[in-house]
Amino acid sequence: MARFHPSTIAVLLLWSCGAAAIAPDGAAAAEPPALAKQVEIRRTQYGVPHITGESLAAAAFGFGYCQGEDHLLNIMRGILGVRGKLAETFGPGDDGKNIESDFFNRQFRVYSRAVESYHTLSRDYRDMLAGFASGLNYYVALHRDGLPAWIPEVNEHDMAAYGVAGVMRFAFNRNNILKDFLRDQGVKTTLYHDQPDDTMMGSNMWALAPSRSQSGHAMLMGNPHQPWQPVSTYYEAHLIVPGRMNFYGSTFIGRPILTSGWNEHLGWSHTVNAPDLEEIYEVDLDPARPDHYLFDGGSVPLESEQVTVAIRSGDDLTLRKRTFWHAPLGPVVHRTDTKAYILRNATYENLRPYEQWLRMTQTKDLAEFRQAIEMNLLPMFNICYADHAGNIFYLWNGTVPDLPHAAHREQPVHAARTADVWTRIHTTAELPQLLNPEGGYVQNCNSPPYLTNLRAALDPANFPAHFGANDLSLRTQHSLRLIDHDQKLSLDDVIRLKHSPRMLLADRVKEDLIAAVRATGASADVETGLAVLHAWDNTVAANSRGGTLFAAWWDRYYDKTRETFATPWNAAEPLSTPRGLADEPRAVRAFLTAVDDTLTAFGTLDVTWGEAHRIRKGKVDLPASGGPSLTGCFRVLEFKADRDRKMVANSGDSFVFAVEFSDPPRAFTNVAYSQSDVPESPYFADQAPLFSANRLKPAAFTDAEIRAQLVKTYRPGEE
Numbered sequence: 000m001a002r003f004h005p006s007t008i009a010v011l012l013l014w015s016c017g018a019a020a021i022a023p024d025g026a027a028a029a030e031p032p033a034l035a036k037q038v039e040i041r042r043t044q045y046g047v048p049h050i051t052g053e054s055l056a057a058a059a060f061g062f063g064y065c066q067g068e069d070h071l072l073n074i075m076r077g078i079l080g081v082r083g084k085l086a087e088t089f090g091p092g093d094d095g096k097n098i099e100s101d102f103f104n105r106q107f108r109v110y111s112r113a114v115e116s117y118h119t120l121s122r123d124y125r126d127m128l129a130g131f132a133s134g135l136n137y138y139v140a141l142h143r144d145g146l147p148a149w150i151p152e153v154n155e156h157d158m159a160a161y162g163v164a165g166v167m168r169f170a171f172n173r174n175n176i177l178k179d180f181l182r183d184q185g186v187k188t189t190l191y192h193d194q195p196d197d198t199m200m201g202s203n204m205w206a207l208a209p210s211r212s213q214s215g216h217a218m219l220m221g222n223p224h225q226p227w228q229p230v231s232t233y234y235e236a237h238l239i240v241p242g243r244m245n246f247y248g249s250t251f252i253g254r255p256i257l258t259s260g261w262n263e264h265l266g267w268s269h270t271v272n273a274p275d276l277e278e279i280y281e282v283d284l285d286p287a288r289p290d291h292y293l294f295d296g297g298s299v300p301l302e303s304e305q306v307t308v309a310i311r312s313g314d315d316l317t318l319r320k321r322t323f324w325h326a327p328l329g330p331v332v333h334r335t336d337t338k339a340y341i342l343r344n345a346t347y348e349n350l351r352p353y354e355q356w357l358r359m360t361q362t363k364d365l366a367e368f369r370q371a372i373e374m375n376l377l378p379m380f381n382i383c384y385a386d387h388a389g390n391i392f393y394l395w396n397g398t399v400p401d402l403p404h405a406a407h408r409e410q411p412v413h414a415a416r417t418a419d420v421w422t423r424i425h426t427t428a429e430l431p432q433l434l435n436p437e438g439g440y441v442q443n444c445n446s447p448p449y450l451t452n453l454r455a456a457l458d459p460a461n462f463p464a465h466f467g468a469n470d471l472s473l474r475t476q477h478s479l480r481l482i483d484h485d486q487k488l489s490l491d492d493v494i495r496l497k498h499s500p501r502m503l504l505a506d507r508v509k510e511d512l513i514a515a516v517r518a519t520g521a522s523a524d525v526e527t528g529l530a531v532l533h534a535w536d537n538t539v540a541a542n543s544r545g546g547t548l549f550a551a552w553w554d555r556y557y558d559k560t561r562e563t564f565a566t567p568w569n570a571a572e573p574l575s576t577p578r579g580l581a582d583e584p585r586a587v588r589a590f591l592t593a594v595d596d597t598l599t600a601f602g603t604l605d606v607t608w609g610e611a612h613r614i615r616k617g618k619v620d621l622p623a624s625g626g627p628s629l630t631g632c633f634r635v636l637e638f639k640a641d642r643d644r645k646m647v648a649n650s651g652d653s654f655v656f657a658v659e660f661s662d663p664p665r666a667f668t669n670v671a672y673s674q675s676d677v678p679e680s681p682y683f684a685d686q687a688p689l690f691s692a693n694r695l696k697p698a699a700f701t702d703a704e705i706r707a708q709l710v711k712t713y714r715p716g717e718e
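Position 50 of the sequence shown, counted from 1, bears residue number 49 in numbering that gives the first Met the number 0, the numbering being contiguous throughout.
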């Protein structure tokens with residue numbers, strides 16, 4: 000067991016069923032907690048932990064301990080966030096962001112709702128939450144001397160709230176309706192932050208049937224995209240509880256449940272979708288009774304809550320107070336003298352999504368998997384599924400309200416009675432889905448569900464209007480071009496195609512851009528730039544020349560408030576529209592600026608993509624291959640200019656996996672930013688060379704594979 004100074008830490012004296020009792024300062028260290036003795040951690044190459052526990056609580060204890068080794072500071076900062084304690088701990092933050100975050104979490108009762116509803120969670124999920132918290136606490140106790148003083152002790156309520164907050168990040172204020180509504184009301188606030196644009200981030204996934212596989216086994220590819228900074232969110236692991244679980248995949252840091260991946264029978268991946276999860280309802284205040292509103296013929300009270308946020312400045316704390324209001328329908332987001340505006344969100348009372356993910360990891364066949372997803376607790380996220388029996392399945396998933404009115408994302412809906420508001424969630428059977436379609440594939444890259452498979456198109460007219468209109472992004476079109484054919488693919492083919500370097504946007508507008516610039520007359524530098532574009536192979540491969548100039552032009556031309564293409568996307572030409580330039584004069588001006596800026600930054604217009612676009616972490620500085628989602632790249636990377644003007648990847652491809660459901664499954668993975676956030680860790684940047692080279696590492700799933708890649712074996716506290 001690792002030695003530590005007993006006078007400087009809180010020592011764990013008693014552990015029972017994952018709960019810890021903490022000794023006062025100065026107490027002597029006890030024996031390792033019971034759960035620590037019930038778990039074995041095997042770290043394989045690149046730091047992947049394979050955690051075997053005697054129970055779900057023990058496996059979660061080991062999982063919490065491992066995540067403490069690799070991501071402790073970011074997890075603990077996140078926990079302080081859901082407690083509403085960021086400003087008290089770290090000060091106001093840039094532009095008061097910590098203050099606004101604390102008020103947001105307090106207004107929408109992220110922590111208190113998790114505590115109040117904790118008893119409604121299943122026993123095995125509660126065991127995992129408690130075990131995970133205990134594993135984090137044990138890691139902190141053993142390493143307290145080297146950790147910041149602000150690191151808190153955590154409990155199962157913290158972990159439940161942290162999971163709720165993580166799902167809310169995607170599903171709450173999904174369409175930015177809060178900010179848009181308050182702007183229209185003339186209210187200035189930074190409290191309701193924007194959700195990211197899915198078209199600029201997103202994810203990719205495929206499931207291929209045995210008819211499309213050279214081996215005769217179904218295959219699955221998952222490729223979520225998330226920001227790399229300030230927190231590298233995905234964590235790869237393998238959780239084993241004999242007779243209960245044997246699942247390999249990833250989750251966001253700070254969670255005890257893996258949310259995508261595979262077991263020996265089946266697997267799935269997710270992409271973000273955009274279901275309409277919320278409405279703002281306008282109710283009339285009761286003129287005869289202050290702080291009541293008129294509803295269903297009666298007068299319903301509003302509940303007020305005064306929230307105080309402490310703000311640190313050096314050794315001093317100041318207090319800031321705000322009053323928030325709540326109604327039985329949901330939180331009140333705005334009031335006037337006569338009206339109250341209530342946000343009714345399908346995620347607000349749903350605190351069990353990770354319980355459904357737990358059930359999904361334990362399923363053994365399609366019937367069990369469908370039973371798990373029919374719990375309908377995941378508020379959003381498309382699902383692509385494949386299994387050992389050869390089934391493939393796609394679901395546009397979500398806890399989607401069955402609206403009794405048209406969707407009103409821009410204006411509130413007036414409500415005077417229950418019949419005016421949504422009270423029912425669509426069942427899973429009512430959502431768009433495909434099982435074993437013609438063509439042997441399903442795919443999704445964040446586009447609407449209707450053209451998941453071109454040979455088995457779904458008719459939008461068969462679904463409610465609030466499910467959304469049909470559309471295909473350039474990235475989705477790229478995906479379909481890669482797999483909508485009759486060729487039989489190997490797992491190696493799937494990995495190769497996943498790393499396709501093509502920039503589909505160039506196929507649609509490059510020649511029009513060249514012609515438009517040439518027609519205006521050009522300087523020598525501009526003529527050189529046109530020659531570079533003409534010779535360019537329309538890819539963002541690291542050694543490709545021309546993409547850097549084209550991407551610089553696009554950054555200056557694209558404006559989401561203006562028409563971009565001469566021919567917009569239409570369902571009659573799903574893989575050849577949009578195309579052409581809607582505003583050639585603006586495109587020409589943008590190109591002239593891009594030429595000057597590219598020369599200034601790189602000294603030449605034919606700089607290779609990899610020289611200009613880099614993967615940098617710690618001492619690693621490698622060429623990147625991949626480009627922005629909006630340009631139709633399937634190998635997605637977004638970039639930010641560094642001090643030397645080179646473009647450094649800061650989001651995009653995160654956890655990538657490809658698995659073939661042979662017996663046993665054969666799989667390959669990569670975590671773009673590597674397994675650990677600790678700069679001194681050997682796993683801080685060791686996967687970057689693989690990522691730069693468009694390679695995946697073999698995943699160790701069986702005991703033989705784990706032994707072949709084994710780096711070390713230990714119990715928590717004994718490494």
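Every residue, glycine too, gets a C-beta built ideally from N, C-alpha and C. Keep in mind that this is a model prediction, so the values were computed, not measured.
Cross-strand partners of residue i (DSSP beta bridge)
| i | result |
| --- | --- |
| Ser303 | Trp324 |
| Gln225 | Gly651 |
| Gly248 | Ala236, Gly260 |
| Leu207 | Met218, Tyr440 |
| Ala640 | Met646 |
| Glu409 | DSSP, once it has assigned bridges, lists no residue as partnering Glu409. |
| Ser202 | Pro223 |
| Met502 | Cys632 |
| Asp620 | Arg615 |
| Val658 | Leu219, Ala666 |
With 16 other Cβ atoms within 10 Å as the buried cut-off, status of residue i
| i | result |
| --- | --- |
| Lys618 | exposed |
| Asn445 | buried |
| Thr701 | exposed |
| Arg454 | exposed |
| Ala401 | Note that residue 401 is Asp in the sequence shown here, rather than Ala. So Asp401 ends up on the exposed side. |
| Ala29 | Annotation note: pLDDT 44 at Ala29 (below 50); position unreliable, coordinate value reported separately. Exposed: under 16 other Cβ atoms inside 10 Å. |
| Leu207 | buried |
| Gly25 | Residue placement at Gly25 is flagged as unreliable, the pLDDT there being 31, under the threshold of 50; the coordinate-derived value follows with that caveat. It is exposed - the Cβ of Gly25 has fewer than 16 other Cβ atoms within 10 Å. |
| Gly17 | Confidence at Gly17 is low in this model, with a pLDDT of 35, below 50, so its placement is unreliable and the value that follows should be read with caution. Flag for Gly17 reads buried. |
| Glu572 | exposed |
| Arg642 | exposed |
| Val441 | buried |
Nearest to residue i (by Cα), restricted to the options the options
| i | options | result |
| --- | --- | --- |
| Ser100 | Ala58, Val114, Glu562, Lys84 | Lys84 |
| Thr603 | Pro448, Gly528, Pro300, Glu278 | Gly528 |
| Arg179 | Ala687, Ser499, Pro411 | The sequence shown places Asp at residue 179, rather than the Arg named in the question. The residue with the shortest Cα to Cα distance from Asp179 is Pro411. |
| Trp535 | Met502, Ala523, Thr566 | Met502 |
| Ala586 | Thr560, Phe564, Ser575, Lys487 | Phe564 |
| Val230 | Ile239, His142, Gly77 | Gly77 |
| Arg42 | Val710, Asn461, Arg714, Gln355 | Val710 |
| Pro403 | Phe392, Trp421, Leu394 | Trp421 |
| Gly248 | Ala287, Leu284, Thr360 | Thr360 |
| Ser298 | Leu284, Val306, Gln305, Ser268 | Leu284 |
| Gln370 | Arg358, Asn381, Phe380 | Arg358 |
| Ile482 | Glu437, Ala514, Val166 | Glu437 |
| Asp364 | Thr451, Asn262, Gln442, Asn452 | Asn262 |
| Phe103 | Tyr138, Asn172, Ala58 | Asn172 |
Supposed close pair residue i, residue j - CB separation, criterion 8 Å
| i | j | result |
| --- | --- | --- |
| Ala148 | Ile310 | Going by Cβ atoms, the distance from Ala148 to Ile310 rounds to 18 Å, so no, they are not a contact pair. |
| Arg578 | Arg517 | So it is not a contact: roughly 19 Å between Cβ atoms. |
| Val635 | His224 | 5 Å |
| Phe633 | Thr547 | At roughly 19 Å, the Cβ-Cβ gap does not stay under 8 Å, so Phe633 and Thr547 are not in contact. |
| Leu318 | Ala113 | Not confirmed; about 24 Å, so no contact. |
| Lys36 | Arg615 | With a Cβ gap of about 42 Å, Lys36 and Arg615 do not count as contacting. |
| Asp652 | Gly631 | Wrong, their Cβ atoms sit about 15 Å apart, outside the cutoff. |
- Could you tell me which uninterrupted beta strand (DSSP E) segments, each at least 3 residues in length, are contained entirely in the stretch 422–470, listed from first to last along the chain? 432–434, 440–443
- Would you list, in sequence order, the uninterrupted alpha helix (DSSP H) runs of no fewer than 4 residues that lie entirely inside the stretch 301–388? 352–360, 365–372
- Query: Which full runs of the alpha helix (DSSP H) of 4+ residues lie inside the stretch 268–305, going along the chain?
  - Reply: none
- Query: Taking only runs of the alpha helix (DSSP H) that begin and end inside the stretch 125–197, which ones reach a length of at least 4 residues, in chain order?
  - Reply: 155–170, 176–183
- Runs of alpha helix (DSSP H) wholly within the stretch 674–711 (minimum 4 residues, chain order): 687–691, 702–708
- Any alpha helix (DSSP H) of 4 or more consecutive residues that is wholly inside the stretch 516–581: 523–534, 546–556
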